[in-house]
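So for the sequence shown, the working numbering puts the first residue at 22; every next one is plus one. Glycine is no exception: its CB is placed at the ideal position from the N, C-alpha and C atoms. The model shown is predicted, which means the values in this text are computed figures rather than measured ones.
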Amino acid sequence: MPDQALPDCLFCKIALGAIPVERIYEDDLVLAFPDINPQAPQHLLLIPKQHLASTREAIAEHTPMLGRLVAAAAQVALQKHLQNGYRLVINTGPDGGQTVHHLHLHLLGGRPMNWPPG
Ligand code: 5GP
Ligand code: ZN
Numbered sequence: 022m023p024d025q026a027l028p029d030c031l032f033c034k035i036a037l038g039a040i041p042v043e044r045i046y047e048d049d050l051v052l053a054f055p056d057i058n059p060q061a062p063q064h065l066l067l068i069p070k071q072h073l074a075s076t077r078e079a080i081a082e083h084t085p086m087l088g089r090l091v092a093a094a095a096q097v098a099l100q101k102h103l104q105n106g107y108r109l110v111i112n113t114g115p116d117g118g119q120t121v122h123h124l125h126l127h128l129l130g131g132r133p134m135n136w137p138p139g
């Protein structure tokens with residue numbers, strides 16, 4: 022695909038393979054890869070392959086993808102031996118602390134998590 026046809030979205034570029042990542046898990050709807058700036062011993066990101074900016078834009082037609090994200094996270098957690106637990110996080114919008122505007126599910130594990138989050 023020529024560069025000018027690439028979407029102007031970091032995670033779309035990752036999903037398309039234009040930016041290489043370790044593809045930890047992949048199916049037709051979802052891709053999982055390590056976060057570049059891990060906040061826990063295990064920190065993976067799970068993204069839909071189709072662009073969706075955030076949960077604010079989620080509508081009924083996204084339900085299969087949203088379910089698949091969580092099911093894939095559970096599978097990746099097993100693969101990463103996180104049987105003691107983990108945290109799934111979706112940051113949405115400025116107050117949610119979202120910095121990349123392609124919906125993503127953080128899977129964090131390998132240490133106890135604090136509550137409430139910051
Ligand atoms: P947010 O703050 O939007 O919920 O999370 C965005 C996440 O994407 C951050 O945890 C950040 O470290 C991660 N991230 C940003 N740029 C890249 C990148 O180029 N590659 C990977 N693997 N992760 C990234
Ligand atoms: Zn995107």
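Can you find the residues in the same chain that come closer than 6 Å, C-beta to C-beta, to glycine 131, ignoring five residues on each side of it along the sequence? What you label residue 131 is simply residue 110 of the sequence shown in a count that begins at 1. Excluding sequence neighbours, glycine 131 sits near Ala61, Pro62 and Gln63.
Alanine 53, DSSP secondary structure in three states: Locating residue 53 in the sequence shown gives position 32, counting from the first residue. The three-state secondary structure of alanine 53, taken from DSSP, is strand.
Leucine 37 versus proline 55 - alpha carbon distance: One-based indexing of the sequence shown puts residue 37 at position 16. One-based indexing of the sequence shown puts residue 55 at position 34. Take the alpha-carbon of leucine 37 and the one of proline 55: they are about 16 Å apart.
Leucine 52 to tryptophan 136, Cα distance in whole Å? Position 31 of the sequence shown, counted from the first residue, corresponds to residue 52. Position 115 of the sequence shown, counted from the first residue, corresponds to residue 136. Leucine 52 and tryptophan 136: Cα-Cα distance of roughly 28 Å.
Spatial neighbours of glutamate 43 within its chain, please: C-beta separation below 8 Å, excluding the five flanking residues on both sides. Counting from 1 along the sequence shown, the entry for residue 43 is found at position 22. Excluding positions up to five away in sequence, the list reads Phe54 and Pro55.
Count the other CB atoms, across all protein chains shown, that sit within 10 Å of the CB of leucine 128; report buried if there are 16 or more and exposed otherwise. Residue mapping note: residue 128 aligns to position 107 of the sequence shown, counting from 1. With 16 or more other Cβ atoms within 10 Å, it is buried.
Run the CB neighbour count on isoleucine 157, radius 10 Å, all protein chains shown included, and call it buried at 16 or more, exposed below. Residue 157 is absent from the structure shown; the chain starts at 22 and stops at 139.
Determine the DSSP secondary structure at proline 69, reduced to helix, strand or coil. By one-based count along the sequence shown, residue 69 stands at place 48. Correct three-state label for proline 69: strand.
Indicate whether leucine 84 and isoleucine 111 have their beta-carbon atoms separated by less than 7 Å. Against the sequence shown, residue 84 aligns to sequence position 63. Against the sequence shown, residue 111 aligns to sequence position 90. With the sequence shown as reference, residue 84 is identified as threonine, and leucine is not the correct amino acid for it. No, the pair does not count as a contact, with Cβ atoms beyond the cut-off.
For isoleucine 35, count the other beta carbons within 10 Å of its own beta carbon; 16 or more makes it buried, fewer makes it exposed. Which is it? Translated into the one-based positions of the sequence shown, residue 35 becomes position 14. Within 10 angstroms of the beta-carbon of isoleucine 35 lie 16 or more other beta-carbons, which makes it buried.
Cβ-heavy atom distance between histidine 83 and ligand 2 below 6 Å? Numbered from 1 along the sequence shown, position 62 holds the residue referred to as residue 83. No, Cβ of histidine 83 sits at least 6 Å from all heavy atoms of ligand 2.
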